[in-house]
Ligand SMILES: [Zn+2]
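In our numbering, the protein residues as written are 301 to 639.
(1) Given the structure, does residue 402 come close to ligand 1, in the sense that its CB is under 7 Å from one of the ligand's heavy atoms?
(2) Along the chain, which unbroken stretches of the beta strand (DSSP E) at least 3 residues long are found entirely within the region 402-455?
(3) From the DSSP output, in three-state form, read off residue 386 for me.
(4) Taking 7 Å as the line, does the beta carbon of residue 492 fall inside it for any heavy atom of ligand 1?
(5) Give every residue of the same chain whose Cβ lies closer than 7 Å to the Cβ of residue 385, excluding the five residues on either side of it in the sequence, and list them in chain order.
(6) Taking residue 581 as the reference, give the member of 375, 572, 594 and 562 with the closest Cα.
(7) If you reduce the DSSP assignment to three classes, tell me which class residue 579 lands in.
(8) What residues in its chain sit with their C-beta under 8 Å from that of residue 619, if we drop five residues either side in the sequence?
(9) Apply the 10 Å Cβ neighbour rule to residue 305 and answer buried if 16 or more other Cβ atoms are within range, or exposed otherwise.
(10) I want to know whether the region 477-486 touches the region 518-528 - three or more CB-CB distances under 8 Å.
(11) Drop a sphere of 10 angstroms on the beta-carbon of residue 314, count the other beta-carbons inside from all chains shown, and report buried for 16 or more, exposed for fewer.
(12) Could you pull out every unbroken beta strand (DSSP E) segment of at least 3 residues lying fully inside the region 324-368, listed in chain order?
(13) Do you know whose CA, among 320, 540, 576 and 319, lies nearest residue 515's CA?
(14) Run through DSSP, which three-state label would residue 594 get?
(15) Count the other CB atoms within 10 Å of the CB of residue 570; is the residue buried (16 or more) or exposed (fewer)?
(16) So, at 7 Å on beta carbons, what are the nonlocal neighbours of residue 474 in its own chain, with the 5 sequence-adjacent residues on each side left out?
(17) Relative to ligand 1, is the shortest distance from any of its heavy atoms to the C-beta of residue 461 smaller than 7 Å?
(18) Spatial neighbours of residue 549 within its chain, please: CB distance less than 7 Å, with the 5 preceding and 5 following residues excluded, ordered by chain position.
(19) Hey, which unbroken runs of the alpha helix (DSSP H) at 4 residues or more fall wholly within the region 513-586?
(20) Quick one: grab the DSSP three-state call for residue 637.
(21) Classify residue 405: buried if its beta carbon has 16 or more other beta carbons within 10 angstroms, exposed otherwise.
(22) I'd like to check one pair, residue 486 with residue 560: are the Cβ atoms closer than 8 Å?
(23) In angstroms, rounded to a whole number, what distance separates the CA positions of residue 311 and residue 443?
(24) Just the C-alpha distance for residue 622 and residue 399, rounded to the nearest angstrom, thanks.
(25) When every heavy atom of ligand 1 is checked, does at least one fall within less than 7 Å of the C-beta of residue 451?
(26) What beta strand (DSSP E) runs, 3 residues minimum, are completely inside the region 467-516?
(27) In terms of residues, what are the limits of the beta strand (DSSP E) holding residue 619?
(28) Can you tell me where the alpha helix (DSSP H) holding residue 606 begins and where it ends?
This is the structure in structure tokens:
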């Protein structure tokens, strides 16, 4: 792989796209992304097999069928330093400051080992890459092909209306998966390049605490009291709820969303039978990106109800049982924004 030049890389990429398109047509986008995952394990790009991840369940003392969870995932702590083991310092080839999500950088940074899947939906504007620091097996990043900013306030960015559109398009193609957008200061580790997360839901993750809270509310609208983090929820058939959600976020973007520190998480989940879409919009504040007490930043996955810890200090606290349901409640409450 070391000798791979740009032309050979592009040929390899074309061949992989062709293979993955065939899988996609036969078995759907989820299967195509799993094939990409397999390819990236074989190429050596994905080395962390997640054996080091440990999961802790923290039931509510009053209502034990409700629970939060925490995972100890030491690799996640390294993600802010970018992907891969050997980023070559080749300034001639570097564009956009060596951005880790620009394909032009990826081929030399990862020495040809990292290849994505050029997606056709959403106007062909995105490429799927495997996340080298996954929160769960099969964790993919769906990044814009152009170097567009993550934040809707930045020049040249997509609007929240468009972000919701594109995210829900991918969700619809990935029934049963968790898909989400982390705004700048709300969990985005690469703030300069637009990307979404797509995570297959493994056994044991049938319904996340945030989803359960929305279900208890029964109808679309604000969820303020059922969950420590306030959010908007729309659930139902995609063609019905999408215009409603987009009208709401458009109004929010020009109001609270235009304030200097405004940010958000957007989560889209299509049911395994593909007949229902649930959309969640969580207003956030950039100066409250992390909860008090634990080291990690609260992004979309944490907002769903699983805290990701990566430091040895946090692991010790988890092992001693010092992190419980109330700890997670107060973490989420701390980053919650009144709206
Ligand atoms: Zn970029």
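Ideal Cβ positions, reconstructed from N, Cα and C, are used throughout, including at glycine.
So, from the data block:
(1) yes
(2) DSSP runs (the beta strand (DSSP E)) wholly in the region 402-455: 426-430 and 440-444.
(3) Interpretation of residue 386 is limited by its pLDDT of 44, a score under 50 that renders its predicted location unreliable; the figure taken from the coordinates is listed afterwards. Here residue 386 sits in coil by DSSP.
(4) yes
(5) Caution is warranted here: a pLDDT of 44 is assigned to residue 385, below 50, making its placement in the model unreliable, and no coordinate value can be reported.
(6) With distances taken between CA atoms, residue 581 lies nearest to 562 out of 375, 572, 594 and 562.
(7) strand
(8) none
(9) exposed
(10) no
(11) Looking at its Cβ environment, which holds fewer than 16 other Cβ atoms inside 10 Å, residue 314 is exposed.
(12) 354-359
(13) 576
(14) coil
(15) buried
(16) Its chain contains 329, 330, 498 and 570 as the residues whose beta carbon lies nearer than 7 Å to that of residue 474, once the 5 sequence neighbours on both sides are disregarded; these appear in chain order.
(17) Not so, every heavy atom of ligand 1 lies at least 7 Å from the Cβ.
(18) 460, 461, 464 and 581
(19) 538-554
(20) coil
(21) buried
(22) Taking 8 Å as the Cβ cut-off, residue 560 and residue 486 do not qualify as a contacting pair.
(23) Spanning the two alpha carbons is a distance of roughly 21 Å.
(24) About 38 Å.
(25) no
(26) 478-482 and 495-499
(27) Unbroken run through residue 619 is the alpha helix (DSSP H), 612-619; no beta strand (DSSP E).
(28) First-last for residue 606: 606-609, but that is the beta strand (DSSP E), not the alpha helix (DSSP H).
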